[in-house]
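Everything below concerns the one structure shown next.
Residue numbers (full-length UniProt numbering): 1 to 253.
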């Protein structure tokens with residue numbers, strides 16, 4: 001091949017400089033290693049980098065949390081983290097926060113799990129929010145749902161007792177029973193003094209559940225009564241997901 005032929009071949013580009021040819025080809029279809037994905041021209045690579053980083057963070061977080069919760073596997077924890085992030089994202093469009101706030105959390109309890117009692121929904125929020133910062137974090141969300149949805153009978157007894165122990169002193173007092181029952185009962189138009197009826201219910205509850213006769217329920221009292229009669233688990237207000245709602249929405253046990 002003479003010098004002129006070499007130049008002409010070179011002018012077509014491939015034989016003269018293979019590196020430049022590859023660069024031009026790569027410019028037409030950019031390859032980026034994101035889980036084996038080809039990133040087409042015009043797609044912002046930073047978006048894929050952030051998505052990959054987020055995916056890895058979720059996997060690492062799921063692995064950590066799944067070691068601490070009993071009733072969800074790692075895949076389920078990943079799904080719950082993504083669901084949580086979606087819920088928090090919708091919330092943060094309106095206002096800032098480091099987790100689910102009370103209003104958003106109550107909407108979930110009502111719309112997804114069928115809870116209707118405002119006081120009980122507020123108590124569920126407080127039990128989920130273990131650090132009392134007025135937000136339910138992703139870890140609190142998953143740990144709470146583990147018991148709320150799939151807890152053992154013993155775990156649910158402890159959960160309900162914590163819901164009903166309004167001041168957190170380790171006892172359900174006569175006053176707390178009265179307050180919860182009065183709040184949960186629907187007043188009938190014919191009732192002149194519904195408080196008397198509520199007081200009667202408190203006395204019935206104490207007679208049935210107060211085994212040491214000190215006019216309040218300790219955890220031991222509550223546990224024993226519920227194990228004797230499981231219907232007493234939610235004696236002072238509904239604080240677990242409605243079974244019909246769970247079945248309709250196909251929420252796993």
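Glycine included, C-beta positions come from ideal geometry on N, C-alpha and C.
Bear in mind that the values here come from a model prediction, so they are computed numbers and not experimental data.
| query | With which residues is residue 136 paired in a DSSP beta bridge? | reply | 100
| Counting pairs of Cβ atoms below 8 Å between the region 65-72 and the region 135-148, do you hit three or more? | yes
| Expected contact under 8 Å - CB spacing of residue 124 and residue 109 to nearest Å | 6 Å
| query | Cα-Cα, which of 114, 208, 53 and 106 is closest to residue 224? | reply | 208
| message | Looking at the secondary structure, which residues open and close the alpha helix (DSSP H) in which residue 184 lies? | response | 174-184
| query | Considering only residues of the UniProt domain "EF-hand" (197-232), which uninterrupted beta strand (DSSP E) runs meet the minimum length of 3 residues and lie entirely inside it, listed in chain order? | reply | 216-218
| query | Where DSSP assigns a beta bridge to residue 171, which residues make up the other side? | reply | 218
| query | Under the rule that 16 or more other beta-carbon atoms within 10 Å means buried, what is residue 254, buried or exposed? | reply | The requested residue 254 does not occur in the structure, where the chain is confined to residues 1 to 253.
| said: Taking the straight line between their C-alpha atoms, what separation do you get for residue 98 and residue 89? | reply: 10 Å
| query | Which residue's Cα is closest to the Cα of residue 176: 227, 106 and 218? | reply | 218
| query | Does the Cβ of residue 131 have 16 or more other Cβ atoms within 10 Å, making it buried, or fewer, making it exposed? | reply | exposed
| said: Give me the residue from 134, 242 and 178 with the minimum Cα distance to residue 215. | reply: 178
| field | Alpha-carbon spacing of residue 172 relative to residue 164, whole angstroms | value | 6 Å
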